[in-house]
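One structure is given below, encoded as structure tokens.
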DNA sequence: GTAAAGAGAACGAACATTCTTTTTCTAAGA
DNA sequence: TCTTAGAAAAAGAATGTTCGTTCTCTTTAC
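Residue numbers (this note's numbering), protein chains in the order written: chain A, 61 to 262; chain B, 61 to 262.
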């Protein structure tokens, strides 16, 4: 019997997933060949197929980790935040570790995941679940702000949450595609928008 | 000599591009095979390759049309808008025909274009050009609003434009991936955000 | 010593593209 | 105006390559 220590087993799996992730970010899921992944991971086909049963399996695992990253960022927003913050912008644009402060590579992978979710029903379902959950978290924060009079209370919190979620997604798009998405600039723009003088309906 | 009327020639080209577009929206650029396109267009390989010299050529043409659609939407914002509008939200979310009121399919294709732009330098460049142009248009509108006192003037217009552009992109993501992105809901949330009471720095 | 782990050749299917053949349509000639 | 030649347009088989995956053999680690 020569079963290797399972820590080594998981290290190999990690090695493959990391290599695949780099390939997928660079070329997308379907323009990346298995040969690309094998070369990047510096492993043979025989080795890789011991850990994943197919390319689709690797894609699914990569996408799942990307979604987990997003989910955990929103969870952190939920409870780790001090309850007395005064500006909702900081909720979404907080510097420490929300989705927005992730790397450009994470943003690029997420764009690939969106694209893949359009053709894979199972990934699409997972994505919707994660984002629905996140919207709930943000909605709760909005509601708390409304209770404190920091936001008008006559608008459903979900409506505001939708806008904030779109801001996050849009920020990710711009960071992924255009490279520089500066959260300081962004926050400044948001503050300007939010301190617009009250307007009469036209 | 038997050269067909060029209107028929362009109709064939359209037929192919329309079919390809449907395929690309459904499966992405690289998970779509030429056979898929041929079947969808109800044409033979020989026919299609008379109008496009390669699959990449079809991809490039499809992406270019998608970008043209976006560009024209922003151009329309620029000059067709009444100059006396009172709410900047309407700039981005206007109902008539800006990018946001496009179909879900257009949004889905745009996600595929973003994804492809990550691996194709030439498409990436074109995309950046179009979006830089659009940002300029939005920036000009923001500046005009600042001049009228509808927005704080102590923040660079570009910062606000960045936020609004991200909103557009985010709206497109949500419409593409989650299906229902209701512009009425969205506008309601935006208005709530923008009429937030002025806040003291914490 | 033995079975797991890995390497790398081998395989069939699917791919984009080209080549050959057939069909279709235009334009010149009777 | 009808015919017909001839080229453009389209079809579909053919081709060579690349793909994902499997199979066999070797190495490694317990």
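Built from N, CA and C at the ideal position, the CB exists for glycine as well.
Backbone CA spacing between residue 203/A and residue 217/A [nearest angstrom]: If I take the Cα positions, the gap works out to 6 Å.
C-beta contact flag for residue 91/B and residue 179/A at 8 Å: With contacts defined as CB atoms closer than 8 Å, residue 91/B and residue 179/A qualify as a contacting pair.
Residue 212/A to residue 82/A span [Cα, whole Å]: Separation of residue 212/A and residue 82/A (C-alpha to C-alpha, rounded to the nearest whole angstrom) is 44 Å.
Contacting positions in the stretch 168-193 of chain B - beta carbon closer than 9 Å to chain A: Correct list: 168, 171, 172, 174, 175, 176, 177, 178, 179, 184, 187, 188, 191, 192.
Option nearest residue 246/A by Cα separation, candidates 245/B, 239/B, 248/B, 220/B: Among 245/B, 239/B, 248/B, 220/B, the Cα nearest to that of residue 246/A belongs to 220/B.
C-beta atoms of residue 188/B and residue 238/A nearer than 8 Å: Yes, these two residues count as a Cβ contact at 8 Å.
Nearest-angstrom Cα separation, counted from residue 68/A out to residue 164/B: In a straight line, the C-alpha of residue 164/B is about 46 Å away from that of residue 68/A.
Buried or exposed (CB count within 10 angstroms, at least 16 for buried), residue 101/B: Using a 10 angstroms sphere on the CB of residue 101/B, the tally of other CB atoms reaches 16 or more, which defines it as buried.
Amino acids of chain B, ordered along the chain, whose beta-carbon sits closer than 7 Å to that of residue 200/A: Correct list: empty, because the minimum Cβ distance to chain B is about 15 Å.
Other residues of its chain near residue 244/B: CB distance less than 8 Å, five sequence neighbours each side excluded: Answer for residue 244/B: no residue qualifies.
Cβ-based burial, residue 240/B [other Cβ within 10 Å; buried from 16]: Result: exposed.
Near the ligand SAH: residue 163/A beta-carbon under 7 Å from a heavy atom: As presented, the structure is devoid of all ligands, the ligand SAH included, so that no description of it is given.
Cβ shell of residue 131/A (< 8 Å), same chain only, five flanking positions each side left out: Shown here for residue 131/A: same chain residues with a beta carbon closer than 8 Å to its own, the five before and five after excluded, namely 190, 193, 194 in chain order.
Backbone CA spacing between residue 280/A and residue 118/A [nearest angstrom]: The first residue shown for chain A is 61 and the last is 262, placing residue 280/A beyond what the model contains.
Proximity test, Cβ basis, 8 Å: residue 250/B and chain A: The beta-carbon of residue 250/B is placed less than 8 Å from the nearest beta-carbon of chain A.
Contact set between residue 222/A and chain B, taken where Cβ atoms lie within less than 7 Å: Within 7 Å Cβ-Cβ: 245, 246, 249.
Beta-carbon spacing of residue 176/A, residue 123/A below 8 Å: Going by C-beta atoms, residue 176/A is nearer than 8 Å to residue 123/A.
Cα-Cα separation, residue 254/A to residue 236/A: Cα-Cα distance, rounded: 25 Å.
Chain-order list of residues whose beta-carbon lies under 7 Å from that of residue 72/B (same chain, five-residue window excluded): 111.
Per-residue DSSP class, three states only, for residue 65/B: Residue 65/B: coil per DSSP, three-state reduction.
Same chain, Cβ closer than 6 Å to residue 94/B, neighbours up to 5 away in sequence not counted: For residue 94/B, the CB contacts under 6 Å within the same chain, skipping 5 residues up- and downstream, are 115 in chain order.
Residue 75/A versus residue 103/A - alpha carbon distance: Distance from the CA of residue 75/A to the CA of residue 103/A, rounded to the nearest whole angstrom, comes to 9 Å.
Span of the alpha helix (DSSP H), counted from its first residue to its last, around residue 234/A: Secondary structure note for residue 234/A: its alpha helix (DSSP H) is the uninterrupted segment 217-238.
Best match in 89/B, 107/B, 222/B for proximity to residue 249/A [C-alpha to C-alpha]: Out of 89/B, 107/B, 222/B, 222/B has the C-alpha closest to the C-alpha of residue 249/A.
Chain A contact for residue 234/B (CB, 8 Å cutoff): Chain A places a beta carbon closer than 8 Å to that of residue 234/B, counting this residue as a contact.
Chain-order list of residues whose beta-carbon lies under 7 Å from that of residue 143/A (same chain, five-residue window excluded): Here residue 143/A scores only 48 on pLDDT, less than 50, and its place in the model should not be relied on; the value that follows carries that caveat. Closer than 7 Å at Cβ, skipping near neighbours: no residue.
Within 8 Å, strictly: CB atoms of residue 54/B and residue 107/B: Past the boundaries of the shown model lies residue 54/B; chain B is included only from 61 to 262, so the question cannot be answered.
Buried versus exposed call for residue 206/B [16 or more other C-beta atoms within 10 Å across all chains shown]: That one is buried.
Alpha helix (DSSP H) segment containing residue 188/A, residue limits: Per DSSP, residue 188/A belongs to the alpha helix (DSSP H) from 181-207.
Run of the alpha helix (DSSP H) containing residue 213/A, from where it starts to where it stops: Taken as a continuous stretch (DSSP letters only), residue 213/A belongs to no alpha helix (DSSP H), as it is neither H nor E.
Same chain, Cβ closer than 6 Å to residue 88/A, five either side skipped, listed in chain order: If we look at residue 88/A and ignore the five residues flanking it on each side, its Cβ neighbours are 172.
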